[in-house]
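Start counting the sequence shown at 31; every next residue gets the next number (our numbering).
Just so it is clear, CB atoms sit at the ideal spot from N, CA and C, and this is done for glycine as well.
Note that the structure is predicted; figures quoted are calculated from it, not measured.
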Amino acid sequence: MLLVNEAKDAVMESDTVVVIGKFDGVHLGHRLLFDRAVEEAHKRHCRSAAFTFDRNLGVNKVISTIEEKRSLIGERGIDILIEYPFTEIMAMEAERFVKEILVKNLRARAVIAGNDCGFGKNRSGNAALLKSLSCKLGFDAVILDKVTVCGQIVSSTLARSLIEQGRMEEASVILGHEFFIRGCVVFGNQLGRTWDFPTINMLPPENKIMPPNGVYASKVLLDGIWRDGVTNIGRKPTVDSCNELISAETYIFEYNGDLYGKTLDVRLYHYIREEKKFESFGELKEQIGRDCETARQFLNALCRKNILQ
Numbered sequence: 031m032l033l034v035n036e037a038k039d040a041v042m043e044s045d046t047v048v049v050i051g052k053f054d055g056v057h058l059g060h061r062l063l064f065d066r067a068v069e070e071a072h073k074r075h076c077r078s079a080a081f082t083f084d085r086n087l088g089v090n091k092v093i094s095t096i097e098e099k100r101s102l103i104g105e106r107g108i109d110i111l112i113e114y115p116f117t118e119i120m121a122m123e124a125e126r127f128v129k130e131i132l133v134k135n136l137r138a139r140a141v142i143a144g145n146d147c148g149f150g151k152n153r154s155g156n157a158a159l160l161k162s163l164s165c166k167l168g169f170d171a172v173i174l175d176k177v178t179v180c181g182q183i184v185s186s187t188l189a190r191s192l193i194e195q196g197r198m199e200e201a202s203v204i205l206g207h208e209f210f211i212r213g214c215v216v217f218g219n220q221l222g223r224t225w226d227f228p229t230i231n232m233l234p235p236e237n238k239i240m241p242p243n244g245v246y247a248s249k250v251l252l253d254g255i256w257r258d259g260v261t262n263i264g265r266k267p268t269v270d271s272c273n274e275l276i277s278a279e280t281y282i283f284e285y286n287g288d289l290y291g292k293t294l295d296v297r298l299y300h301y302i303r304e305e306k307k308f309e310s311f312g313e314l315k316e317q318i319g320r321d322c323e324t325a326r327q328f329l330n331a332l333c334r335k336n337i338l339q
C-alpha cells in the first residue's frame, strides 16, 4: 500500500476509486466501505484510495493509533492511503473539496462514503451533496448504509464505549477484529522472572483509548504466530504504589525469549478481573497463577469454537 501524507503528493497520475472517512478503529462499517472501493476499482481497472487526515479529529482518545490504522487499512487491499494535512484543507468549502481534491487531484471515478459522511469546512458536505455533484462532475457516488449488528448500529463511538467498559468480546464483534495495542517492549522491574512468569512491558500511547485496569486473556503476535498469554493493564500497585504510568504487562505462555526493543501487537480477548493491590508478593504470585489458568481455559475454548465453525 502506498502512503501519501503530503498535499503536494496527493495528485494522481491515473484514475482512482476513493473512499473517504476518519476510520477510527477500522470497524465493520469501514471494512464494508474499503471492500466496496476495492471492488469498484477492479471493475474500472484503476487503483483504490482511502482518504483521511494526518491526525485524529473530534475525539481525545482513539481506538487505533495512526500506525495501527495504516496496518488495518492495508489488510483490506487498499492501494493508496492518503493522510491529508488537515491544516491545508480545514477551511475548504465542501463543494471545492470535491472538485479540487477528489475529482481534479485524485482523479476519482467513483467516491465511496457512508450515508452519514461529513466533509469540507464545518463538515458541511454530506451524502446528498456527493450525489448532486457526481452528476455535474462525472463521477459515481456510492453511498452505503450503516452496518447493524444485533440491532445496534456499528460505529466508532459504540466500539469506544464497549472497550471502556471492558466488554472485549462485544467490541471485537463491532470492530471485526480484537482490540489490540501496538508498542515497543521496554524494560520493567523483571520481578516476574523470579516467579517463572517472565513478562513483556509496553507503554500504550497517551492518545489511545484503554479498557479498565485489570487482567485480560490475550494473544501476542510473534514471528507471524499468535501466542496465548495473559495481560495486566494498569499501574501494578503491589509492585510500585507510586507508578502513575499505565502499562500493558504480558506473560506469554511457554515463551522466554528476549523481546526488548521489538514492536509487538497484543490482542485483548476477555476481561478476567480488576487490578488490585495484594498484601504480599506471595499472594500476587498465586493470583497470577490462577489468572493464567483462567486465560488458558478461555483461549482454548475459543480455539475449539473457531475450529467447529
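Runs of the alpha helix (DSSP H) spanning 4 or more residues and lying entirely within the segment 152 to 204 occur at 157 to 167 and 186 to 194, in chain order. Ranked by how close their Cα comes to the Cα of Glu208, the residues Pro235, Leu167, Ile96 and Val56 have Val56 in first place. In this structure, Arg139 lies near Asp45, with their beta-carbon atoms less than 7 Å apart.
Selection Ala40, Phe127, Ala67 and Ile239 evaluated against Ala143 yields Ala67 as nearest (Cα-Cα). Rounded to whole angstroms, Leu174 and Val203 show a C-alpha spacing of 20 Å. A Cβ-Cβ separation of about 18 Å leaves Tyr285 out of contact with Phe328 under the 8 Å criterion. In this structure Ala171 touches Leu160 by the C-beta definition: roughly 4 Å separates them, less than 8 Å. Annotated as distal: Leu33 and Leu87, with beta-carbon spacing of 7 Å or more. For Leu58, no beta strand (DSSP E) encloses it; the enclosing alpha helix (DSSP H) starts and ends at Leu58 to Arg74. In terms of Cα proximity to Thr280, the closest of Lys134, Ile255, Gly206 and Met232 is Met232. Fully contained in the segment 267 to 331 are the following beta strand (DSSP E) runs of length 3 or more, in chain order: 277 to 282 and 293 to 304.
Of the residues Arg61, Ala71 and Lys151, the one whose Cα lies closest to the Cα of Val47 is Ala71. When beta bridges are read from the DSSP output, Phe83 appears opposite Tyr114. Shortest Cα-Cα distance from Leu294 to any of Asn90, Glu97 and Ala79 involves Glu97.
Phe127 and Val133 have their C-alpha atoms some 9 Å from each other. Collapsing the DSSP output to three states places Ile142 in a strand. By the neighbour-count criterion, in which 16 or more other beta carbons inside 10 Å mark a residue as buried, Glu313 falls on the exposed side. Counting other Cβ atoms within 10 Å of its Cβ, Arg303 stays below 16 and is therefore classed as exposed. Assignment of Cys333 by DSSP, reduced to helix, strand and coil, places it in the helix class. Excluding sequence positions up to five before and after Glu123, its CB lies within less than 6 Å of the CB of Gly150 and Lys151, all in the same chain and listed in chain order.
Straight-line measurement puts the Cα of Val296 at about 14 Å from the Cα of Ala325. If you compare the alpha carbons of Gly104, Val89, Arg61 and Ile119 with that of Lys38, the shortest gap goes to Ile119. Here the C-alpha atom of Lys292 lies approximately 16 Å from the C-alpha atom of Lys249.
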